[in-house]
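Participant:
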Amino acid sequence: MARTTKTGRTARPADTPTRGDRQLALGRTGEDLAVARLEAEGMVVLGRNVRCREGEIDIIARDGATIVFVEVKTRRTMRQGSPLEAITPVKLRRIRMLSGLWLRAQAEFYPATRIDAIGIVMSPRPTVTHVRNVQVDA
């Protein structure tokens, strides 16, 4: 018999994943697929989920002499639209700002950089779309 909480809701068993847990797992799976795609394209992944006080960069990779800052968006289905549509100009400007902070913190100088976006739709089977050199509106 199902237990109810004080608010009258049915209590969830402790081992049942929450929506947040499922979304984190989806994001991790998407980032794993993105890393596999970047490596298959010959890039070297330098970092994942690189955080600072101002935010997070999903993936930092090296493509030859170019440092690539990658934003990854994953969706279960296309029901809410393309995952790439969720990467807004505001988000891209934030990534540009974060990339500058990361570059200034490095001992090595990197003259060439770019921002890429990877959109992943999981259903019916994973489809990975890689867009190189996404432009940021000034």
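Numbering (full-length UniProt numbering), first residue to last: 1 to 138.
A virtual CB, placed ideally from N, CA and C, is assigned to each residue, including glycine.
Can you check DSSP and say which residues form a bridge with Arg51?
Facilitator: Glu56
Participant: Please work out which residues of its chain come closer than 7 Å, Cβ to Cβ, to Ala65, disregarding the five sequence neighbours upstream and downstream, and give them in chain order.
Facilitator: Ala112
Participant: Would you say the segment 105-125 touches the segment 66-80, given that touching needs at least three Cβ pairs under 8 Å?
Facilitator: yes
Participant: Can you find the residues in the same chain that come closer than 6 Å, C-beta to C-beta, to Ile67, ignoring five residues on each side of it along the sequence?
Facilitator: Tyr110 and Thr113
Participant: Report yes or no: do the segment 122-134 and the segment 29-36 share at least 3 C-beta pairs separated by less than 8 Å?
Facilitator: yes
Participant: Helix, strand or coil for Glu71, going by three-state DSSP, please let me know.
Facilitator: Under the three-state reduction of DSSP, Glu71 is assigned to strand.
Participant: Taking a contact to mean a Cβ-Cβ separation below 8 Å, would you say Arg76 touches Val136 in this structure?
Facilitator: Contact: no.
Participant: Could you give the distance in angstroms between the alpha-carbon of Val134 and the alpha-carbon of Arg79?
Facilitator: 24 Å
Participant: Can the beta-carbon of Leu38 be found closer than 8 Å to that of Ile60?
Facilitator: no
Participant: Short of 7 Å in beta carbon distance, which residues of its chain neighbour Leu33, apart from the five on each side in sequence? Order them along the chain.
Facilitator: Ile120, Pro126 and Val128
Participant: From the DSSP secondary-structure annotation, give me the bridge partner or partners of Ile115.
Facilitator: In DSSP, Ile115 forms a bridge with Phe69.
Participant: Please report the Cβ distance between Arg48 and Val35, rounded to the nearest whole angstrom; I am assuming they are in contact, meaning their Cβ atoms lie under 8 Å.
Facilitator: Taking a contact as a CB-CB distance under 8 Å, the pair Arg48 and Val35 counts as one, their CB atoms being some 7 Å apart.
Participant: Would you mind working out which of Trp102, Val45, Ala107 and Asp63 sits nearest Arg132, comparing C-alpha positions?
Facilitator: Asp63
Participant: Identify whether Arg62 lies in helix, strand or coil by the three-state DSSP scheme.
Facilitator: DSSP places Arg62 in strand when its eight states are reduced to three.
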